[in-house]
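Yeah, the sequence shown ends on 329 if you go by our numbering, and it's all consecutive. Positions of the beta carbon are idealized from the N, C-alpha and C atoms, including for glycine.
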Amino acid sequence: MKTALVCGAGGFIGSHLVKRLKIEGYWVRGVDLKFPEFSPTPADDFVIGDLRDPAFCRSIIDRRFDEVYQLAADMGGAGYVFTGEHDADIMHNSALINLNILDACYKRNVKRIFYSSSACMYPAYNQMDPTNPKTAEHTAYPADPDSEYGWEKLFSERLYLAYHRNYGLEVRIARYHNIFGPEGTWIGGREKAPAALSRKIALAKLRQLPYIEIWGDGLQTRSFLYIDECIEGTIRLTRSDFTGPVNIGSEEMVTINQLVQLIADIAGVQIEVRHIAGPVGVRGRNSDNTLIQEKLGWKPSEPLRRGMEVTYHWIEDQVRAAIAAGKL
Ligand code: NAD
Numbered sequence: 002m003k004t005a006l007v008c009g010a011g012g013f014i015g016s017h018l019v020k021r022l023k024i025e026g027y028w029v030r031g032v033d034l035k036f037p038e039f040s041p042t043p044a045d046d047f048v049i050g051d052l053r054d055p056a057f058c059r060s061i062i063d064r065r066f067d068e069v070y071q072l073a074a075d076m077g078g079a080g081y082v083f084t085g086e087h088d089a090d091i092m093h094n095s096a097l098i099n100l101n102i103l104d105a106c107y108k109r110n111v112k113r114i115f116y117s118s119s120a121c122m123y124p125a126y127n128q129m130d131p132t133n134p135k136t137a138e139h140t141a142y143p144a145d146p147d148s149e150y151g152w153e154k155l156f157s158e159r160l161y162l163a164y165h166r167n168y169g170l171e172v173r174i175a176r177y178h179n180i181f182g183p184e185g186t187w188i189g190g191r192e193k194a195p196a197a198l199s200r201k202i203a204l205a206k207l208r209q210l211p212y213i214e215i216w217g218d219g220l221q222t223r224s225f226l227y228i229d230e231c232i233e234g235t236i237r238l239t240r241s242d243f244t245g246p247v248n249i250g251s252e253e254m255v256t257i258n259q260l261v262q263l264i265a266d267i268a269g270v271q272i273e274v275r276h277i278a279g280p281v282g283v284r285g286r287n288s289d290n291t292l293i294q295e296k297l298g299w300k301p302s303e304p305l306r307r308g309m310e311v312t313y314h315w316i317e318d319q320v321r322a323a324i325a326a327g328k329l
């Protein structure tokens with residue numbers, strides 16, 4: 002039986018990845034500070050602990066796993082990453098996790114390790130034009146990420162590549178672009194745009210509020226990738242012979258205003274949008290999928306609307322339950 006370790010298995014992407022690996026018949030160990038919030042984990046073994054602790058990392062990497070997936074990070078959406086208030090924690094915590102896990106894998110002779118980097122490592126100067134952002138993998142340098150979160154990702158990419166070069170670890174690095182889907186954070190400050198906007202629209206619908214507020218002018222562009230395709234790309238990359246880094250994202254670029262209209266349409270409401278000041282990040286970002294298509298013969302292709310329908314309805318259910326429980 003093949004074995005896999007998923008670090009960050011209590012989080013959004015990690016919890017979905019564990020489910021997929023179990024369906025494939027793997028023996029899976031999940032590790033996180035917390036259990037998944039929204040459904041029980043099917044992991045064979047789930048260990049609660051802190052990956053900033055090197056001794057804990059050595060204890061959970063107690064065998065030669067066939068595949069290690071490193072998704073644990075101190076992260077969140079624009080409200081967490083772009084305010085500057087969490088920079089020291091983000092850099093310290095995530096860098097420590099990556100240093101510890103790589104070293105423990107090397108010392109246990111684990112070979113295949115996947116690392117989830119982020120499109121946030123791309124230089125800000127290539128993302129000023131909302132209609133034509135550049136994110137081909139080779140445009141990463143000269144580096145100029147617009148957040149410390151992005152700098153830590155870039156540092157850790159280089160750390161993984163150094164272990165590959167010097168110690169022969171079979172490293173696989175993906176740069177995720179805005180992953181969304183059900184069972185992700187939708188409230189509390191760490192949620193991303195698709196979840197935050199779905200929550201605002203669901204709340205307006207259920208409470209019959211006349212308008213919602215969104216951060217910025219809404220003309221900034223992004224692409225959003227549904228969780229199932231993220232997991233598919235992650236697994237394909239991990240089992241390929243391509244190290245990366247490679248983008249795993251959607252090429253369907255929309256403005257935030259368009260995303261709001263799409264969600265309102267799915268919700269079946271007409272809603273006025275009021276623009277307020279708030280952290281927004283770069284002006285434009287879209288995934289460039291030339292390299293993933295070339296190296297894996299595959300790229301994400303599902304339309305945004307399909308994933309947003311599933312996600313919106315899941316969030317509307319959460320909002321309805323929270324209202325009924327007096328929590329919203
Ligand atoms: P998430 O926050 O839901 O999951 C990360 C998990 O890591 C959390 O459950 C958290 O508890 C855990 N963690 C944090 N510190 C830990 C520690 N010290 N010890 C043990 N566990 C710890 O985030 P996600 O959306 O599932 O993202 C997974 C990975 O993908 C992260 O590395 C993130 O940076 C990267 N990524 C995500 C996106 C996205 O849109 N979701 C985009 C780009 C990159």
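- The Cβ-Cβ distance between L6 and F66 falls below 7 angstroms.
- The beta carbons of R191 and R286 sit no closer together than 7 angstroms.
- For Y177, there is no enclosing alpha helix (DSSP H); the enclosing beta strand (DSSP E) has its first and last residue at 171-177.
- Taking 6 angstroms as the cut-off, one finds no heavy atom of the ligand NAD near enough to the beta carbon of Y123.
- Under a 10 Å Cβ-count criterion, T132 is classified as exposed, with fewer than 16 other Cβ atoms of the shown protein chains found around its own Cβ.
- Taking all protein chains in view, the Cβ of K300 is crowded by 16 or more other Cβ atoms within 10 Å, so the residue is classified as buried.
- Cβ-Cβ separation between R109 and I61: approximately 10 angstroms, too far for a contact (criterion under 8 angstroms).
- Within a 10 Å sphere around the beta-carbon of I180 sit 16 or more other beta-carbons, which makes this residue buried.
- Within a 10 Å sphere around the beta-carbon of P304 sit fewer than 16 other beta-carbons, which makes this residue exposed.
- Scanning its chain for C-beta atoms nearer than 7 angstroms, with the 5 sequence neighbours on each side dropped, one finds around E252 the residues S224, N287, S288, N290, in chain order.
- Per the Cβ contact rule, the region 147-160 is not in contact with the region 34-52 (fewer than 3 Cβ pairs under 8 angstroms).
- Taking the Cα of L207 as reference, the smallest distance to any Cα among T256, V320, R275 is reached at V320.
- The beta carbon of L97 sits closer than 6 angstroms to the beta carbons of R53 from its chain, once the five residues preceding and following it are set aside; these are given in chain order.
- The region 86-95 makes no contact with the region 111-121; the number of CB pairs closer than 8 angstroms stays below 3.
- Remark: the shortest separation between the CB of S60 and any heavy atom of the ligand NAD does not fall under 6 angstroms.
- Distance check between K135 and each of E310, G219, G15, Y123 places Y123 closest, using alpha-carbon atoms only.
- In this structure, G12 has its beta carbon less than 6 angstroms from a heavy atom of the ligand NAD.
- Relative to the ligand NAD, I316 has its C-beta separated by 6 angstroms or more from all heavy atoms.
- Only residues of its own chain outside the window of five on either side were considered, and among them T136, R176, Y177, H178, N179, N248, G250, R286, S288 have a CB closer than 8 angstroms to the CB of A120, listed in chain order.
- Measuring C-alpha to C-alpha distances from G185 to each of A105, V261, H314, R166 identifies H314 as the nearest.
- If you compare the alpha carbons of R173, S199, V274 with that of F243, the shortest gap goes to R173.
- Contact fails between the region 226-241 and the region 257-266, because fewer than three Cβ pairs, one in each stretch, are under 8 angstroms apart.
- V311 and A144 have their alpha carbons spaced roughly 36 angstroms apart.
- Note that the C-beta distance between R200 and W187 is below 7 angstroms.
- Here P211 is exposed: its Cβ has fewer than 16 other Cβ atoms, across all protein chains shown, within 10 Å.
- For Q259, the enclosing alpha helix (DSSP H) begins and ends at 257-268.
- The three-state reading of DSSP puts F83 in coil, since its state is none of H, G, I, E or B.
- W216 is bridged by DSSP to I277.
- The region 86-120 contains, as complete alpha helix (DSSP H) runs of 4+ residues, the segments 88-108 (chain order).
- Per DSSP, G15 is one residue of the alpha helix (DSSP H) stretching across 13-24.
- Looking from the CA of L100, the closest CA among E153, P246, E149 belongs to E153.
- In the displayed model, F47 falls within a strand according to three-state DSSP.
- Taking C-beta atoms as the reference points, V82 and Y150 count as a pair closer than 7 angstroms.
- Residue range 247-249 is occupied by the beta strand (DSSP E) that includes I249.
- Sequence-distant partners of H276 (beyond 5 residues in either direction) whose C-beta falls short of 7 angstroms from its own C-beta, in its chain, are I215, G217, D218, G219.
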